[in-house]
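Just so you know, the sequence shown maps onto residues -21 to -1, 1 to 282 in mature numbering (1 follows the signal peptide of the UniProt record, and there is no 0). Where is the CB? At the ideal position from N, CA and C, for every residue including glycine. A short worksheet on the structure shown next.
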Amino acid sequence: MKTFSFVAASTLAMLSSTTLAATTTTGGVCYDPAHVDSVTEATISADFQTIKEKGFDLVRTYVTTYGTSDMATLAIAQGLNVTLGVPFDNDDPSATADYVTAAISAGALFNGSASVVQIFVGNENLASVNTVPSEMLTYIKQLQEALPNVPIGTVQRNTEMLDSSRYSAISGLADLFTACDVVGVNIQPVFTANTAAADAITLVSNQWTELQGSDTESRFPGLADKLAITETGWPSAGSSDGNTGSVTGAEQFYSDYMTWAAENLNATRSHYFQMFDLPSRTDTVFEAHFGICDENGNEKFTL
């Protein structure tokens, strides 16, 4: 194991360490700071403190920096391990370069046992393409060379791994997964029609089993050992395609998933979606309501 040097803002009181972060005990939670009207470094820091206080040891971010705020620096200062997102825009791959630079710096941070535990380039960006952008592989390799002790990969939908109409249509998908150290899969049962909250964990479990199976292995050799669940959740409101969001349903699925994940996943490979409601999300009837807390940080149910 290499010794990470101190690289961070002066607000962090970092302790010397020669090991990577220990395995977390509660799994992780996804986080988007845009649940408030005005996002600042102070609101992000307060959110990370809340996440820690709610019992999580790991947070998944979708961006490396938010404005001028460095997400890993602020999270690690609160003692959180970080699954760090590096945004990738298929239409402007060069825009990712600055995020990669920031991620390389973030990968050298530590605060006791808290550190960046994995980095993902792109999030569901292959949903509407037929070829893996070559720049994704370039950035993944750059991060791997700079941070040999931090697993590097990408996050994509379960659809791209399990639906033949998608995985057979994307040139270079197997090569992408082969190049990754870790691969995140987003499994959102509420987007499968006629799924009751009480049955949602069965859908997640069945899809996870399929991802571990021989058919998937034949398509994507070695993928099973790399997989992490990077999103799964149930909304507290909204109704569509025979599915209904409710607080009761959200509590049911949260409890079911935490029990299932403890039995089936390494905690650093588990990320619940998500910490706070996002009122600004209007792209589906469910998107605004996935938070285990409302936009003001109030728990919807006992965690």
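Whose C-beta lies closer than 6 angstroms to the C-beta of residue i among residues of the same chain, with five residues either side of it excluded?
| i | result |
| --- | --- |
| GLN57 | PHE27, GLN28 and LYS31 |
| ASP273 | ASP256 |
| PHE156 | VAL162, PHE199 and LEU202 |
| PHE232 | ALA176, ALA179 and TRP213 |
| SER193 | none |
| GLY86 | VAL95, LEU126 and VAL129 |
Consult DSSP for residue i and reduce its assignment to one of helix, strand or coil.
| i | result |
| --- | --- |
| ALA21 | helix |
| residue 300 | Past the edges of the chain, shown from -21 to 282, lies residue 300, and the structure says nothing about it. |
| TYR45 | strand |
| ASN222 | strand |
| PHE232 | helix |
| GLN121 | helix |
| SER73 | helix |
| GLU266 | helix |
| VAL65 | strand |
What is the rounded straight-line gap between the Cα of residue i and the Cα of residue j?
| i | j | result |
| --- | --- | --- |
| ALA179 | MET237 | 13 angstroms |
| ALA203 | GLU114 | 24 angstroms |
| GLU124 | THR19 | 32 angstroms |
| PRO72 | VAL79 | 11 angstroms |
| PRO168 | LEU88 | 35 angstroms |
| SER92 | PHE35 | 14 angstroms |
| LEU152 | VAL38 | 27 angstroms |
| LEU116 | SER17 | 35 angstroms |
| THR263 | SER219 | 9 angstroms |
| ALA172 | SER184 | 17 angstroms |
| GLY224 | THR211 | 14 angstroms |
| THR44 | LEU282 | 28 angstroms |
| SER107 | SER143 | 14 angstroms |
Might you give, ordered along the chain, the residues of its own chain that have their beta carbon closer than 8 angstroms to the beta carbon of residue i, omitting 5 neighbours on each side?
| i | result |
| --- | --- |
| GLU189 | LEU141 and THR195 |
Mind reading off the beta-carbon distance from residue i to residue j? Whole number of angstroms is fine, and I expect it under 8 angstroms.
| i | j | result |
| --- | --- | --- |
| ALA82 | LEU53 | No, ALA82 and LEU53 are not in contact; Cβ-Cβ is about 14 angstroms, not under 8 angstroms. |
| ASN104 | PHE67 | 5 angstroms |
| GLN135 | VAL100 | So it is not a contact: roughly 11 angstroms between Cβ atoms. |
| ALA51 | VAL61 | 5 angstroms |
| PHE280 | VAL226 | 6 angstroms |
Excluding five sequence neighbours on each side, which residues of the same chain lie with their C-beta closer than 7 angstroms to the C-beta of residue i?
| i | result |
| --- | --- |
| GLN186 | ASN137, LEU141 and ILE166 |
| ASN102 | TYR41, GLY64 and VAL134 |
Determine, for residue i, whether the minimum Cβ-Cβ distance to residues of chain C falls below 7 angstroms.
| i | result |
| --- | --- |
| TRP187 | No chain C appears in the structure shown, which is made up of a single protein chain. |
Legend entry - the region 248 to 257 in contact with the region 201 to 215 per 3-pair CB rule at 8 angstroms: yes
Legend entry - Meets three-Cβ-pair contact criterion under 8 angstroms: the region 239 to 248 and the region 258 to 278: no
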